Amino acid sequence: ERCFYGSSGYKAPLSKSLLLVPSALSLLLALLLPHCQKLFVYDLHAVKNDFQIWRLICGRIICLDLKDTFCSSLLIYNFRIFERRYGSRKFASFLLGSWVLSALFDLLLVEAMQYSFGITAASNLPSGFLAPVFALFVPFYCSIPRVQVAQILGPLSITNKTLIYILGLQLFTSGSYIWIVAISGLISGLCYDSKMFQVHQVLCIPSWMAKFFSWTLEPIFSSSEPTSEARIGMGATLDIQRQQRMELLDRQLMFSQFAQGRRQRQQQGGMINWNRLFPPLRQRQNVNYQGGQQSEPAVPPPLEVSEEQVARLMEMGFSRGDALEALRASNNDLNVATNFLLQH
Numbered sequence: 001e002r003c004f005y006g007s008s009g010y011k012a013p014l015s016k017s018l019l020l021v022p023s024a025l026s027l028l029l030a031l032l033l034p035h036c037q038k039l040f041v042y043d044l045h046a047v048k049n050d051f052q053i054w055r056l057i058c059g060r061i062i063c064l065d066l067k068d069t070f071c072s073s074l075l076i077y078n079f080r081i082f083e084r085r086y087g088s089r090k091f092a093s094f095l096l097g098s099w100v101l102s103a104l105f106d107l108l109l110v111e112a113m114q115y116s117f118g119i120t121a122a123s124n125l126p127s128g129f130l131a132p133v134f135a136l137f138v139p140f141y142c143s144i145p146r147v148q149v150a151q152i153l154g155p156l157s158i159t160n161k162t163l164i165y166i167l168g169l170q171l172f173t174s175g176s177y178i179w180i181v182a183i184s185g186l187i188s189g190l191c192y193d194s195k196m197f198q199v200h201q202v203l204c205i206p207s208w209m210a211k212f213f214s215w216t217l218e219p220i221f222s223s224s225e226p227t228s229e230a231r232i233g234m235g236a237t238l239d240i241q242r243q244q245r246m247e248l249l250d251r252q253l254m255f256s257q258f259a260q261g262r263r264q265r266q267q268q269g270g271m272i273n274w275n276r277l278f279p280p281l282r283q284r285q286n287v288n289y290q291g292g293q294q295s296e297p298a299v300p301p302p303l304e305v306s307e308e309q310v311a312r313l314m315e316m317g318f319s320r321g322d323a324l325e326a327l328r329a330s331n332n333d334l335n336v337a338t339n340f341l342l343q344h
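In terms of UniProt numbering, the sequence shown is residues 1 to 344.
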């Protein structure tokens, strides 16, 4: 049953809500209600000694540092590909599971530091929804294909994932003890992603809750799949309207590139203009062939697309039309087609 799921990879209501709501609350606390920030301090010392259990919730939702808010929001925006691929209920279950598990690992790491080195960090942990963001790096590393887009300094290369890792490193080094939250997030993400101790069955979103949020949040934070006849819908805020327009333009650009690829293939007897669709890949092919033996004449890509690969792309949430066009444009390369659809 698909409830609270993003349709064909373009809704992602949970990611949009996590992008807009916590950021707005962080700005509200920083600019208008600074006297209320003490209620959202992530103080494990107060939790342990004063039994302020509510800080495990309030202290791990809203970022009090605007730099952390900015970096975590950018990462959530990029990690929305998991909600598009797996659906919002499974994505929300992963965030809930990693959020709960990371609280336990935070306590263990803080106690281990104090016992081993005498360092008290319980009152200085950064606040905010940070541990689940670091936990998302586990499926990002394991399941997102790595595609080289540029090569620098010989063996060093820039891939489609490099910028995300740099952004995560920036967040990792933004505070004195944020590495505790980062490590606990990575461990909790590894435990949940590997289904260790069956935590994915215990810490999951119930179906009734998924239906409730599907009914309440999805109409506000989701945008309908763009079509050639669709008008730009009215969002709840100006930011949502802008996001809808950007998604519509992005989708139209993708269709335009596919159409150009088809025309080029027809004009050149099956050859695709890689310089228009995937410039870095074309450059890599040229580099690989330089200095070697003269290559054989290029074989035209097959016109028939593997139904198995189409089915795999459709399982990720993409429509059949998009899957067919991406596979044709990428010469039936499933990894290239997947990356192109995820990034567009």
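All residues carry an ideal CB built from backbone N, CA and C; glycine is no exception.
Quantities reported herein were computed from a predicted structural model and do not represent experimental measurements.
For Thr159, the uninterrupted beta strand (DSSP E) run begins and ends at Ser157 to Thr159, by DSSP. In its chain, beyond the 5 residues on either side, Gln309, Leu313, Ala323, Ala326, Leu327, Ala329 and Ser330 have a beta carbon closer than 8 Å to the beta carbon of Ala337.
Contact between Val47 and Arg55 holds: their C-beta atoms lie close to 5 Å from each other, under 8 Å. Under a 10 Å Cβ-count criterion, Cys142 is classified as exposed, with fewer than 16 other Cβ atoms of the shown protein chains found around its own Cβ. Contact holds between the segment 109 to 129 and the segment 166 to 185, because three or more Cβ pairs, one in each stretch, are under 8 Å apart. For Ile152 against Asn78, the beta-carbon gap comes to about 22 Å, at or over 8 Å, which does not count as contact. Between Arg89 and Ala210, the beta carbon gap of about 4 Å places them in contact (Cβ cut-off 8 Å).
Separation of Leu29 and Gln37 (C-alpha to C-alpha, rounded to the nearest whole angstrom) is 6 Å. Phe140 counts as buried, since no fewer than 16 other beta carbons sit within 10 angstroms of its beta carbon. Look at the beta carbons and you see the segment 68 to 84 touching the segment 123 to 134: at least three pairs across the two are nearer than 8 Å. The Cβ neighbour count for Lys16, taken over all protein chains shown within 10 Å, is at least 16; the residue is labelled buried.
In the DSSP annotation of this structure, the continuous segment of the alpha helix (DSSP H) that includes Gln309 starts and ends at Glu307 to Glu315.
Following the DSSP letters along the chain, one finds Asn78 inside the alpha helix (DSSP H) bounded by residues Leu66 to Asn78. Going by beta carbons, Leu64 and Phe134 fall outside the 8 Å limit. DSSP lists Thr159 as the beta-bridge partner residues of Gln148. For Gln114, the enclosing alpha helix (DSSP H) begins and ends at Ser88 to Phe117. For Cys36, no alpha helix (DSSP H) run applies, since DSSP gives it neither H nor E. Nearest neighbour of His45 by Cα position, chosen from Ser102, Thr120 and Met316, turns out to be Thr120. Ranking Phe221, Gly321 and Ile166 by CA distance to the CA of Leu75 puts Ile166 first. Burial check for Gly118: the Cβ neighbour count within 10 Å stays below 16, so the residue is exposed.
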